[in-house]
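J.:
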Amino acid sequence: MLVALAEEALSLLHDIAKRKAEAGLLTASDGFGGHLLWAMAGLTGTIYPTLLHEVYEVLNLLLSDSDLREALVNGALMSPPPPAGSRSRRNPYDTGLLPMLLSGLHAAGWWGVAGTARRHLLPRSMENCIVTTLRHACAVQASILLPSVSAGPLPPPMQAAAVTPSGGGGGGAAGVSPTATPLFESLMLLLPAMYLHVKSASALSEGQRVAYEPLIAAAAVVDKILGDAEGAPSMVRALMRFLDGELMGAAAEMLAEICHPLFAAFLPSHSQMLAHTLTRLLKEGPAEWEEPIMLAVAYAMQHPTAPSFVDQFHLVVQLCVDGESDAAVYCLSSAMRAAARAGDEFTSQGMASGRPFDELSSNRFYQSEERELEQARDVLPNLIQVHAVMRG
């Protein structure tokens, strides 16, 4: 009964948002667009697929509006503060929009075929809407981040000097890592979908090209971190080759060209985060992403500093031991070469005798993450917080 009422309310809000979008009023002084955006972001962790379908449709509508995205970047649509007198130690909105969407997506599960071993709450028909929403949120995060980032290596996420709430600015490379981390994670979610598109299509339509253009902002952040020294890799250049249609049908080449500058910027500082993200995606993400994820691991293993972090990917590599695909073999051989450079004897038999994949749940990181995801699935406090702001 309550879910049915929520569906009806979301449908009504969606209709209102459509009318306001058509009239160019999503950023009007009544604050409707901003309040609705944060309310929808707060609902992304719900476990009800029918609600999530409407939530992502509304998010996609809102973030497709260039004026609303600009208002987010300029700080005109700040996230709602905790209610006055609240004793809660957790403000779900203090991380910003993109981290909230990432947390909600992990909490709710992915899209895929029901009845499999993977935890799929979402129908496959939602993939395009979710991916498009993430692209726009990624562009917003990158646009906020770009003015404050500077050339040079990033510190590990947990050692950054400062965290600016709600995806705000910050100053200098040392303070920029917390907001760069969700940008990196979102790109690792978007690249597998991009890979499958390139593999299956012979050309980009104009509409498809426009849909991918938000990634240019993220690529600009990567290039700024890398600096403009002669011979420095460029993610913007690789992305433009894709947008110009030069890489259609060459999915592995496209992925390699984009991962090269991306990993040059974020590794080795974010190697642990990358290992966690890709392991999680292999375990729970869309099954068809297995090939691009294994290729991404292989490219990470080719990074000059890979010998220092190859052990962090042992759970991913262990899956490759039993895999028969070309991507699995390439991933395993790349990891073996990285470990050999570190002076280790790294064999498939040795990897197979390591910790089993099922022991993910006993890993301290994943236990902590699961507690955070359980909080993300409790969406009621988020709605209460938005409602308190709307009431003034």
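Numbering (the working numbering), first residue to last: 238 to 629. Even glycine gets a Cβ: it sits at the ideal position worked out from N, Cα and C. Note that the structure is predicted; figures quoted are calculated from it, not measured.
Rounded to the nearest angstrom, how far is the Cβ of residue 530 from that of residue 515, given a contact under 8 Å?
T.: 5 Å
J.: As a quick exercise: from 562, 563, 532, pick the residue whose alpha carbon is nearest that of residue 550.
T.: For the residues 562, 563, 532, the minimum Cα distance to residue 550 belongs to 532.
J.: Can you look up residue 309 in the DSSP assignment and give me helix, strand or coil?
T.: helix
J.: So is residue 240 buried or exposed if we call it buried at 16+ other beta carbons inside 10 Å?
T.: By the 10 Å Cβ count, residue 240 comes out exposed.
J.: Roughly how many whole angstroms lie between the Cα atoms of residue 423 and residue 347?
T.: 14 Å
J.: Count the CB pairs spanning the segment 435–443 and the segment 535–546 that are closer than 8 Å, and state whether there are at least three.
T.: no
J.: So, under 8 Å CB-CB, residue 203 and residue 394 are touching, yes? Tell me the CB distance rounded to an integer number of Å.
T.: A question about residue 203 goes unanswered here, because the residues of the chain that appear run from 238 up to 629.
J.: Give me the DSSP bridge partner(s) of residue 247.
T.: Its beta-bridge partners do not exist; DSSP assigns none.
J.: Is it buried or exposed for residue 447, if we count other Cβ within 10 angstroms and need 16 for buried?
T.: Per the 10 Å Cβ criterion, exposed.
J.: What number of angstroms, rounded off, separates the C-alpha of residue 283 from the C-alpha of residue 293?
T.: 12 Å
J.: Do the CB positions of residue 462 and residue 389 come within less than 9 Å of each other?
T.: yes
J.: Applying the criterion that 16 or more other CB atoms from any shown protein chain within 10 Å of the CB defines a buried residue, is residue 443 buried or exposed?
T.: exposed
J.: What span of residues does the alpha helix (DSSP H) with residue 481 cover, start to end?
T.: From DSSP, residue 481 is part of no alpha helix (DSSP H); its letter is neither H nor E.
J.: Going by alpha carbons, who is nearest to residue 331 out of 344, 342, 345, 315?
T.: 315
J.: When DSSP builds the beta bridges, which residues end up paired with residue 526?
T.: In the DSSP assignment, no residue is bridged to residue 526.
J.: Is the CB-CB distance between residue 518 and residue 458 below 9 Å?
T.: A distance of 9 Å or more separates the beta carbons of residue 518 and residue 458.
J.: One question on the structure: do residue 431 and residue 511 come within less than 9 Å of each other, judged by their Cβ atoms?
T.: no
J.: Evaluate the contact criterion for the segment 294–311 versus the segment 259–268: three or more CB pairs, one atom per stretch, below 8 Å.
T.: yes
J.: Measuring CB to CB, does residue 286 end up less than 9 Å from residue 359?
T.: yes
J.: Tell me, which residues are paired with residue 359 by DSSP?
T.: Beta-bridge analysis with DSSP links residue 359 to 348.
J.: Looking at residue 281: is its Cβ nearer than 9 Å to the Cβ of residue 342?
T.: yes
J.: Ordered along the chain, which non-local residues of its own chain (more than five positions away) have a Cβ less than 6 Å from that of residue 454?
T.: 376, 379, 380
J.: Cα separation between residue 464 and residue 253?
T.: 45 Å
J.: Starting from residue 297, follow the alpha helix (DSSP H) in both directions and report where the run begins and ends.
T.: Unbroken alpha helix (DSSP H) run through residue 297: 286–300.
J.: Locate the alpha helix (DSSP H) running through residue 509, then write down its first and last residues.
T.: 508–521
J.: Hey, residue 475 and residue 451 are a contact pair by Cβ (cut 8 Å); roughly how many whole angstroms apart?
T.: So it is not a contact: roughly 16 Å between Cβ atoms.
J.: On the criterion of 16 or more Cβ atoms from any shown chain inside 10 Å, does residue 302 qualify as buried, or is it exposed?
T.: buried
J.: Determine the closest residue to residue 313 out of 276, 489, 272, 277, with distance taken between C-alpha atoms.
T.: With distances taken between CA atoms, residue 313 lies nearest to 272 out of 276, 489, 272, 277.
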